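Take a look at the structure set out below.
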Amino acid sequence: TITIARGNNELRKEYQQNKHKIGSFVYHTFIHELGHSLGLFHIWEYILNEKHKVLDSIKYSVMSYKCPDIKDADFGGLYPMT
2 TITIARGNNE
12 LRKEYQQNKH
22 KIGSFVYHTF
32 IHELGHSLGL
42 FHIWEYILNE
52 KHKVLDSIKY
62 SVMSYKCPDI
72 KDADFGGLYP
82 MT
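Heads up: the sequence shown runs through residues 2 to 83, numbered per our numbering.
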């Protein structure tokens with residue numbers, strides 16, 4: 002059993018029930034909290050320059066809360082037409 006925080010029973014319960022599939026919110030939260038337990042901070046605490054704020058996205062770091070804009074979406078080399 003993996004326990005990140007002593008009182009975090011919900012995360013442990015969801016992990017044990019296999020609700021941690023890659024790409025799910027639970028998986029992202031698990032990895033994010035694991036980052037905190039390893040001493041990482043939220044990504045915006047590292048960004049000192051305004052031009053680097055684009056890096057504050059879950060596209061680049063699990064320690065962010067922000068989702069990327071649609072213009073930053075990766076369609077796997079496909080370019081959907083409208």
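Note that the Cβ used here is the ideal one computed from N, Cα and C, for glycine as well. Source: prediction; values computed, not measured.
- Here I32 is exposed, its C-beta having fewer than 16 other C-beta atoms within 10 Å.
- The alpha-carbon separation between Y47 and I23 amounts to approximately 26 angstroms.
- For the pair I59 and H37, the CB atoms are not nearer than the 8 angstroms cut-off.
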